[in-house]
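Written below as structure tokens is the structure these notes are about.
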Amino acid sequence: MCRLFLPATFGARTRASIGVCTCSVSSLAEKLLLRSLHNFQGSRHFTFEDLIHALARHLAFVLNDAVYSRTVGGVSAMHGLKRNSKKRTGNPLWPVDSSQLCPHGLEQSMKGYAASFALCRNDRFQDVLALVNRLLAICGRSIIPHLIETDPHWPFRVTGLALSLLQERKKTLGRPISVTTQFSWWSILMLLMELCGNISNTELGTEYEDMLVFTRMLARDHRNNIRGCGLLFVCDAILRDLSLFLDGTTLFDKDMIFHLSIGFASTGAVFYAVKPDEDITVYHPSIVKLHATEVAQVGDPLHIAFQGFIWTASARRCCTPECQETFATASRVFARCAGCGVLRYCSRECQVRSWKHAELPHKAVCTKLRVLKERTKLPNDLTVALPRYRQSFIEACKADEGLTALAQDCAKHMLGLMTAGHNNDRDSAPDEEVC
């Protein structure tokens, strides 16, 4: 590789000396091998854009490790990162505080990220997507407006990544697929599903308008009909072709395809609810059916109670109605109530205030939440295999009148907490968030 940067005259002398190699070799095969090494030429020059792409990829992997090495978002890993940084003589290899991800302020830093993303090659856009997913998980909705403002076409690159993946899969049908390629396909599918989850997850602070940016993207087909081309279109396209990934592969199996199907159908149903009226696309039956089911479940106390458990499992904030403290603002994970093991509080004072709250006293539901969770056998992390636990929870409650009564009481309380938490999110302006 060094020869690519040598002066032409010296390079010419080097090429001329290939035929008279002075290396000590003993066989013709070794001479031919040595000649091929001398003739090696780089396929392309390493450019500044390659450096930017490598840095984006590196930061994505660093943040990914920070997030998944702990049970919740990247902020919860900060204590461990700070502790380990002491072993490196004060020169950590990664950010030790979430504010270091936006060193020039949120707006300017995100403009810098977006400008760098524009330099990265489209054929490796998945690395950019990995970094954006990590930033979304740590910083929440605050990055979206600035990212879109600087690069309005960024959502279209997500659609392009999904379409290129599906086209590659169709072109290779009937051929043996290497494990490396299979893993690359799986990684892209997981990144796309994670982005859909981040955009549709209100616990990350995603505003309704931000979701519309990724869903109300329209284009005209060859018949001049208006079709969606945003994340709803991505979910639909992947669901239609997911079964193709079973052909000629060993990494993909029916369980994995089922897991991916559930993920894209669930987020697709959320996007389907806000699709523009002009979009005449007939979307995948699982998306439409799940959307209809969710609409029918509105007002059902059993489903509201279960959704409350989902909310508490993924919420990164204090559960006291008036408190706006979050994991990000406090730079730590809040402990759960020792009584119910469900709700989290930022401090002892907040828990005491919530215990005798005028409208939503935790005292009234603490034991009920614990009993309901234990008797329906709900795990602590409800983000795994969500549909399976939802159905078993509903069936267990319907089979026991006592559980039904508990679920109804908990549903009313949980709905109040979720409403209060959503209102607190709206009261927090994006430029006031700690990122």
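When you read off a place in the sequence shown, starting at 1, and then add 23, the result is the number in this note's numbering.
Each residue gets a CB set at the ideal place from its N, CA and C atoms; glycine is no exception.
These figures come from a predicted structure and were not determined experimentally.
Residue i versus residue j - alpha carbon distance
i	j	result
ASP264	MET216	15 Å
ALA361	CYS342	14 Å
GLY197	ASP270	7 Å
CYS369	GLU348	7 Å
GLY439	GLU418	24 Å
GLU317	THR70	50 Å
ASP302	ILE211	26 Å
PHE294	THR304	13 Å
PHE350	CYS363	20 Å
CYS420	LYS396	11 Å
LEU129	MET213	27 Å
ALA160	LEU170	15 Å
LEU142	ILE285	34 Å
MET279	GLN330	24 Å
ASP166	LEU158	Checking the sequence, you will find Ile at residue 166 rather than Asp. One C-alpha to the other measures close to 8 Å.
ASP448	LEU124	Here the model assigns ASP448 a pLDDT of 49, short of 50, so the residue's position is not dependable, and the following value carries that caveat. Going from the Cα of ASP448 to the Cα of LEU124 covers about 22 Å.
GLU53	SER201	30 Å
GLN131	VAL151	18 Å
SER139	CYS346	37 Å
PHE287	LEU51	58 Å
ALA443	ARG340	11 Å
ALA353	ARG80	28 Å
PRO199	TRP208	14 Å
PRO175	GLY163	19 Å
LEU186	ARG180	10 Å
ASP73	HIS127	23 Å
GLN414	GLY135	45 Å
HIS385	ASP432	12 Å
LYS312	CYS373	41 Å
ALA422	GLY251	43 Å
LYS277	GLN190	21 Å
VAL236	VAL297	11 Å
ARG359	THR204	42 Å
ALA381	ASN87	41 Å
TYR412	HIS76	40 Å
LEU283	LYS379	43 Å
PRO168	LEU426	44 Å
SER377	PHE281	40 Å
GLU424	LEU188	49 Å
LEU55	ILE310	60 Å
VAL95	VAL85	Here the model assigns VAL95 a pLDDT of 38, short of 50, so the residue's position is not dependable, and the following value carries that caveat. So the two alpha carbons sit approximately 15 Å from each other.
GLY103	ARG355	With a pLDDT of 47 at GLY103, under the threshold of 50, the modelled position of this residue cannot be trusted; read the value that follows with caution. So the two alpha carbons sit approximately 11 Å from each other.
Cβ-Cβ distance between residue i and residue j below 7 Å
i	j	result
LEU262	HIS307	yes
VAL375	LEU392	no
LEU218	ASN156	yes
LEU154	ALA83	yes
LEU401	PRO344	no
LYS133	PRO178	The question names Lys, but residue 133 in the sequence shown is Met. No.
ARG192	LEU267	yes
THR238	GLY253	yes
PHE357	ARG371	no
MET234	TRP334	no
GLN399	PHE416	Per the sequence presented here, residue 399 reads as Thr, with Gln not at that position. Yes, Cβ-Cβ distance for THR399 and PHE416 is below 7 Å.
ALA137	THR195	no
ALA434	PRO299	no
LEU184	PHE148	yes
HIS314	ALA336	no
ALA430	ALA328	yes
SER223	THR182	no
HIS436	VAL394	no
Extent of the continuous beta strand (DSSP E) to which residue i belongs
i	result
LEU241	241 to 243
Limits of the unbroken alpha helix (DSSP H) element including residue i
i	result
SER254	Here residue 254 turns out to be Leu, not Ser, going by the sequence shown. Here the alpha helix (DSSP H) through LEU254 covers 254 to 264.
THR474	Residue 474 falls outside the range modelled here, since the chain spans only 24 to 458, and no answer is possible.
CYS363	Element bounds for CYS363: n/a, residue is neither H nor E.
LYS134	129 to 142
GLN374	371 to 378
7 Å Cβ cutoff, residue i in contact with chain B
i	result
VAL311	Absent from the structure is chain B; it holds one protein chain and no more.
- Are three or more beta carbon pairs between the stretch 251 to 258 and the stretch 272 to 282 nearer than 8 Å? no
- Query: In the stretch 291 to 350, which residue ranges form an unbroken alpha helix (DSSP H) of at least 4 residues, counting only runs that do not cross its ends?
  - Reply: 308 to 320 and 324 to 337
- Run through the stretch 151 to 213 for me and flag every whole alpha helix (DSSP H) of 4 or more residues, listed as ranges in chain order. 167 to 173 and 177 to 194
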